[in-house]
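Down below is the structure, laid out as structure tokens.
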Amino acid sequence: MLAYLVRRLIGGATVMVLVSIFVFGLFFVLPADPARLACGKSCTPELMAEIRHTLELDIPLPAQYFRFVKGIVSGRTYLAGSEAQLDCAAPCLGYSYQTDELVTNLLKDRAPATLSIAFGASILWLLIGLSSGIVSALRRATWIDKFSQGAALAGASLQIYFVGLVLQFILVDKLGWLSSPGYVSPNDYPMEWAQGMILPWLTLGFLLSAIYARLTRAGMIEVMSEDYIRTARAKGLPSRRVNFKHVMRAAITPIITVFGLDLGQLLGGAVITEYVFNIPGLGKLATEAVSNVDLPVIVGTVLVAAVFIVIANIVVDLVYMILDPKVRLA
Amino acid sequence: MTAILQVKDLKVHFQTDDGLVKAVDGVSFEIEAGKTLGIVGESGSGKSVTSLAIMGLHKGSRAAVSGEILIDGVDVNKVTEAEVNKLRGKSMAMIFQDSLAALHPFFKVGDQIAEAYLVHNKVSKKAAKQVAVEMLGRVGIPNPTQRMEDFPHQFSGGMRQRVMIAMSLSCNPKLLIADEPTTALDVTVQAQILDLLRDLQREFGSSILMITHDLGVVAEIADDVLLMYAGKAIERGTVRELLKTPEHPYAWGLLTSIPKLTGAANAELLAIPGTPPSLINLPSGCSFSPRCSYKNRAKVDCESVIPELAGVKSNSSHLVSCHISETERVAIFKSEIAPKL
Amino acid sequence: MTPLLKVTDLTKHFPSKNNKIFGKREFVHAVDNVSFELNVGETLGLVGESGCGKSTTGRLITKLIPTTSGSIEFEGREISKMKANEFKELRPQIQMIFQDPYASLNPRHTVGTIIATPLKIHGVNPGVDVKKQVQELLEIVGLNPEHYNRYPHEFSGGQRQRIGIARALALKPKLIIADEPVSALDVSIQAQILNLLQSLQSDFNLSFIFIAHDLAVVKHFAQRVAVMYAGNIVEVSDQVSLYASPKHPYTKALMSAVPSADPDALGARERIRLSGDIPNPINPPSGCRFRTRCWKAQEICETKPPLIQVGKSMVACHFPES
Numbered sequence: 020m021l022a023y024l025v026r027r028l029i030g031g032a033t034v035m036v037l038v039s040i041f042v043f044g045l046f047f048v049l050p051a052d053p054a055r056l057a058c059g060k061s062c063t064p065e066l067m068a069e070i071r072h073t074l075e076l077d078i079p080l081p082a083q084y085f086r087f088v089k090g091i092v093s094g095r096t097y098l099a100g101s102e103a104q105l106d107c108a109a110p111c112l113g114y115s116y117q118t119d120e121l122v123t124n125l126l127k128d129r130a131p132a133t134l135s136i137a138f139g140a141s142i143l144w145l146l147i148g149l150s151s152g153i154v155s156a157l158r159r160a161t162w163i164d165k166f167s168q169g170a171a172l173a174g175a176s177l178q179i180y181f182v183g184l185v186l187q188f189i190l191v192d193k194l195g196w197l198s199s200p201g202y203v204s205p206n207d208y209p210m211e212w213a214q215g216m217i218l219p220w221l222t223l224g225f226l227l228s229a230i231y232a233r234l235t236r237a238g239m240i241e242v243m244s245e246d247y248i249r250t251a252r253a254k255g256l257p258s259r260r261v262n263f264k265h266v267m268r269a270a271i272t273p274i275i276t277v278f279g280l281d282l283g284q285l286l287g288g289a290v291i292t293e294y295v296f297n298i299p300g301l302g303k304l305a306t307e308a309v310s311n312v313d314l315p316v317i318v319g320t321v322l323v324a325a326v327f328i329v330i331a332n333i334v335v336d337l338v339y340m341i342l343d344p345k346v347r348l349a
Numbered sequence: 148m149t150a151i152l153q154v155k156d157l158k159v160h161f162q163t164d165d166g167l168v169k170a171v172d173g174v175s176f177e178i179e180a181g182k183t184l185g186i187v188g189e190s191g192s193g194k195s196v197t198s199l200a201i202m203g204l205h206k207g208s209r210a211a212v213s214g215e216i217l218i219d220g221v222d223v224n225k226v227t228e229a230e231v232n233k234l235r236g237k238s239m240a241m242i243f244q245d246s247l248a249a250l251h252p253f254f255k256v257g258d259q260i261a262e263a264y265l266v267h268n269k270v271s272k273k274a275a276k277q278v279a280v281e282m283l284g285r286v287g288i289p290n291p292t293q294r295m296e297d298f299p300h301q302f303s304g305g306m307r308q309r310v311m312i313a314m315s316l317s318c319n320p321k322l323l324i325a326d327e328p329t330t331a332l333d334v335t336v337q338a339q340i341l342d343l344l345r346d347l348q349r350e351f352g353s354s355i356l357m358i359t360h361d362l363g364v365v366a367e368i369a370d371d372v373l374l375m376y377a378g379k380a381i382e383r384g385t386v387r388e389l390l391k392t393p394e395h396p397y398a399w400g401l402l403t404s405i406p407k408l409t410g411a412a413n414a415e416l417l418a419i420p421g422t423p424p425s426l427i428n429l430p431s432g433c434s435f436s437p438r439c440s441y442k443n444r445a446k447v448d449c450e451s452v453i454p455e456l457a458g459v460k461s462n463s464s465h466l467v468s469c470h471i472s473e474t475e476r477v478a479i480f481k482s483e484i485a486p487k488l
Numbered sequence: 007m008t009p010l011l012k013v014t015d016l017t018k019h020f021p022s023k024n025n026k027i028f029g030k031r032e033f034v035h036a037v038d039n040v041s042f043e044l045n046v047g048e049t050l051g052l053v054g055e056s057g058c059g060k061s062t063t064g065r066l067i068t069k070l071i072p073t074t075s076g077s078i079e080f081e082g083r084e085i086s087k088m089k090a091n092e093f094k095e096l097r098p099q100i101q102m103i104f105q106d107p108y109a110s111l112n113p114r115h116t117v118g119t120i121i122a123t124p125l126k127i128h129g130v131n132p133g134v135d136v137k138k139q140v141q142e143l144l145e146i147v148g149l150n151p152e153h154y155n156r157y158p159h160e161f162s163g164g165q166r167q168r169i170g171i172a173r174a175l176a177l178k179p180k181l182i183i184a185d186e187p188v189s190a191l192d193v194s195i196q197a198q199i200l201n202l203l204q205s206l207q208s209d210f211n212l213s214f215i216f217i218a219h220d221l222a223v224v225k226h227f228a229q230r231v232a233v234m235y236a237g238n239i240v241e242v243s244d245q246v247s248l249y250a251s252p253k254h255p256y257t258k259a260l261m262s263a264v265p266s267a268d269p270d271a272l273g274a275r276e277r278i279r280l281s282g283d284i285p286n287p288i289n290p291p292s293g294c295r296f297r298t299r300c301w302k303a304q305e306i307c308e309t310k311p312p313l314i315q316v317g318k319s320m321v322a323c324h325f326p327e328s
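Chains as they are written, first to last, in our numbering: chain A, 20 to 349; chain B, 148 to 488; chain C, 7 to 328.
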């Protein structure tokens with residue numbers, strides 16, 4: 020088991036290195052001057068020269084990459100020695116000229132909102148998806164099943180911006196049950212935080228629950244026809260125990276896998292949701308950076324998203340290993 | 148001797164898109180305490196469907212089950228799933244052919260056995276685990292305390308089958324139903340398992356219902372035999388009657404078509420012509436008649452009239468369903484079949 | 007006369023799935039130093055329980071898998087090291103029938119396609135109508151030639167096995183390796199297929215290697231029998247001698263374990279019950295691999311027993327039965 024973990028970690032680290040090289044190289048593969056790109060929309064030649072110097076864009080490419088990586092590991096200092104010296108503590112992901120902020124600080128600011136959305140929505144979609152799927156599987160071919168499947172289909176075909184805006188229109192504008200969605204720190208204003216998050220949670224939760232409902236239903240139905248479930252019944256186990264212990268235990272594995280991957284992706288930024296509800300998260304940061312052509316921030320958000328996905332993959336593999344004794348003991 | 152299991156006119160029909168499948172069509176038999184009944188048949192004979200019906204495992208499926216199945220004074224067909232559940236594991240238990248598929252892949256073997264015990268016995272988890280260790284030891288698994296913590300895929304086929312036997316006998320049921328438990332095992336392992344079942348039967352006093360297609364297995368372990376074909380019981384008797392003096396042409400066909408270890412070398416096997424019938428479009432009359440080489444010896448038209456299961460003159464508990472008269476059957480057996488065995 | 011097939015010291019070791027990146031490489035000793043001969047028109051039965059290596063041996067001879075070492079001579083020619091294009095001209099002469107009639111036929115091909123494919127691949131009789139050849143083959147195996155266009159799922163297990171046999175016969179082989187051809191069939195159908203194989207053997211002068219775990223089936227069909235245990239051949243004999251007086255303890259135990267359908271025979275037979283399991287193929291016992299379960303085992307059994315002649319049989323045992 021340990022060997023497996025080590026292999027996965029090495030693999031993950033390799034992927035991160037490759038991603039960082041790729042993303043970093045993005046800067047230079049584009050047929051535009053990186054300094055120009057970091058400069059943004061309203062640019063002047065003097066500004067460009069200044070950027071080139073500050074961001075150390077004039078040294079050879081591998082050396083830039085090396086300094087970039089060193090910055091992540093142990094911090095970096097821009098314009099060392101001058102009075103405009105800027106200390107960038109580890110992990111240093113660069114400096115955004117347009118916003119005059121260290122990228123790492125920007126990410127730190129915006130992360131809590133995304134994390135709030137991600138964790139709240141994921142709990143919701145798991146609850147809705149799993150219970151809907153279980154009910155469907157146990158009451159196959161009844162109207163409950165057909166209704167749940169229909170709802171799941173709707174969830175899978177509708178778009179976040181559509182559902183989100185419609186919900187906002189109904190719940191905020193028309194009925195006034197909720198105030199406008201937004202983000203406040205849960206440490207300071209817990210009630211307002213929850214209130215502000217309800218719409219994003221509902222939207223994302225409902226839409227993503229669709230996949231889980233279908234996965235759970237299909238998984239359970241398949242497991243229920245297995246011989247070992249027949250044995251469980253033959254032992255005289257009550258059907259509740261058969262379904263929730265024996266069936267779920269076998270059916271849960273693909274669900275957990277997909278869940279891990281979905282969560283990992285969401286942590287990198289729920290781009291559309293944040294945009295629709297105007298939540299200041301990583302996704303919104305990324306879209307802003309793209310429209311402003313603020314390359315250091317783009318690099319930072321992509322790397323962070325990649326980290327989350329790689330970690331999610333490794334965690335999912337480990338969980339899979341824990342759940343399936345055949346994999347664990349091989 | 149009282150019968151611990153009584154099956155009367157059991158029918159299991161499945162409605163499918165292609166038609167009504169009469170998997171079991173009117174089967175009756177009894178098993179007495181401490182005895183072994185072998186149900187013999189090929190695929191499509193209905194033997195496995197019968198065993199599942201006894202356990203009530205068709206409830207909730209599309210099968211229409213009728214007839215009486217009396218065990219411990221309860222008619223399995225008349226009561227609810229919850230009530231049959233009380234019998235499962237306690238009055239009757241079942242072991243299956245594919246032991247790897249029949250054990251939960253994600254739970255330890257010891258836990259699965261302990262669980263079987265805990266369903267019917269209110270004891271602590273620790274006590275149940277102790278029972279599991281004892282059962283594993285009793286069925287001949289070395290180092291039971293360690294092997295309890297292993298998963299099904301970590302056992303060999305024969306050992307896994309022993310685990311299933313341990314699990315099924317943990318609550319000391321009166322009836323053990325074994326559905327082809329040795330078919331997937333090597334012949335030396337099969338011999339070990341059959342020995343084990345015989346020993347445990349003596350020790351626990353349980354009755355065994357052994358489902359198999361192997362006449363050798365039947366000879367080794369059964370006291371009585373029920374021969375099934377296309378959903379019906381066509382011959383019933385003691386194991387000696389069925390294997391030494393059978394009276395149904397299908398039984399003759401089986402006995403002469405199996406290669407024997409002790410038979411003449413390179414002799415031609417007398418194959419039964421044709422194939423088993425479709426259970427949706429059963430032949431009219433006797434289901435075996437299309438393949439029967441002796442139907443012209445019957446005075447009744449075998450292809451239009453279904454024969455009844457009736458006792459032979461010398462012993463009313465040896466039953467055969469065949470239109471050929473008894474004297475005629477005995478004559479055919481003596482002159483044509485016995486010399487080839 | 008040169009034997010049709012001569013196998014000498016055939017060995018196959020598979021790398022273990024548990025091999026770590028660093029550390030000792032372990033191997034599954036599936037087949038170890040197996041040697042036997044097969045003459046034209048003869049059937050050799052290869053008998054053993056699961057894990058003995060009989061199926062692997064069959065696959066080695068048909069070159070479905072490469073050998074680790076050893077030689078396979080077909081009609082005097084060494085084929086074990088031949089490359090694919092070299093062997094292509096010989097392949098039609100060595101064909102295989104598989105165990106599972108449900109898995110060995112492509113469900114998306116019609117029966118006609120399945121049987122015609124070998125003919126097309128080897129460019130047999132390009133001028134002659136392929137359909138006619140296929141229909142002839144269907145008739146030979148006892149199927150209706152009009153069912154040319156049907157799919158496998160429309161046939162029963164026994165009929166599918168006949169299709170497999172027709173496919174094997176298409177290229178007019180000299181040697182057929184039948185890997186448990188009747189194990190997956192119902193008892194009443196087994197006899198039909200065995201009879202078919204016997205009549206085909208005499209009609210077409212075929213030679214067979216009949217792989218099976220069922221001693222009774224092999225007895226019926228083979229002139230000579232080789233018994234395998236844990237990758238080794240432990241006894242080779244003609245059919246009469248083997249069944250009348252088995253010389254190797256394992257053969258004896260194997261035979262005593264076969265249940266007889268005669269209730270009277272139960273008391274008469276000597277019952278030998280083996281304890282324990284087949285040895286781990288990754289680390290088989292040194293010397294005689296049966297010694298861990300053999301009631302006769304002595305210290306000398308830790309050295310490999312030579313194949314010696316006892317009566318009419320060849321036995322690999324330090325203490326063969328007499």
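No residue lacks a Cβ here, since even glycine has one placed at the ideal position from N, Cα and C.
All values derive from a computational prediction rather than experimental measurement.
Assigned exposure category for residue i - 16 Cβ within 10 Å defines buried
i: residue 441 (chain B); result: buried
i: residue 476 (chain B); result: buried
i: residue 79 (chain A); result: exposed
i: residue 421 (chain B); result: exposed
i: residue 306 (chain C); result: exposed
i: residue 160 (chain A); result: exposed
i: residue 205 (chain B); result: buried
i: residue 237 (chain C); result: buried
i: residue 82 (chain A); result: exposed
i: residue 474 (chain B); result: exposed
C-beta atoms of residue i and residue j nearer than 8 Å
i: residue 455 (chain B); j: residue 430 (chain B); result: no
i: residue 186 (chain A); j: residue 218 (chain A); result: yes
i: residue 190 (chain C); j: residue 170 (chain C); result: no
i: residue 323 (chain A); j: residue 126 (chain A); result: yes
Identity of the residue in the options nearest residue i by Cα
i: residue 238 (chain B); options: B:246, B:252, B:222, B:253; result: B:222
i: residue 130 (chain A); options: A:142, A:106, A:202; result: A:202
i: residue 113 (chain A); options: A:88, A:135, A:133; result: A:88
i: residue 364 (chain B); options: C:266, C:224, C:215, C:202; result: C:266
i: residue 34 (chain C); options: C:43, C:40, C:21, C:80; result: C:21
i: residue 228 (chain B); options: A:34, A:147, A:81, A:252; result: A:252
i: residue 168 (chain B); options: B:335, B:175, B:159; result: B:159
i: residue 462 (chain B); options: B:185, B:447, B:425, B:387; result: B:387
Contact set for residue i: own chain, Cβ-Cβ below 7 Å, skip 5 residues either direction
i: residue 292 (chain B); result: 280
Cβ distance (whole Å) where residue i is taken to contact residue j below 8 Å
i: residue 134 (chain A); j: residue 286 (chain A); result: 7 Å
i: residue 357 (chain B); j: residue 183 (chain B); result: 6 Å
i: residue 180 (chain B); j: residue 245 (chain B); result: Contact doesn't hold; Cβ gap of about 29 Å is too wide.
i: residue 328 (chain B); j: residue 242 (chain B); result: 5 Å
Close beta carbons around residue i, own chain, < 6 Å, minus the five adjacent residues each side
i: residue 201 (chain B); result: 216
Own chain, CB closer than 8 Å to residue i, minus 5 neighbours either side, in chain order
i: residue 56 (chain C); result: 219, 284
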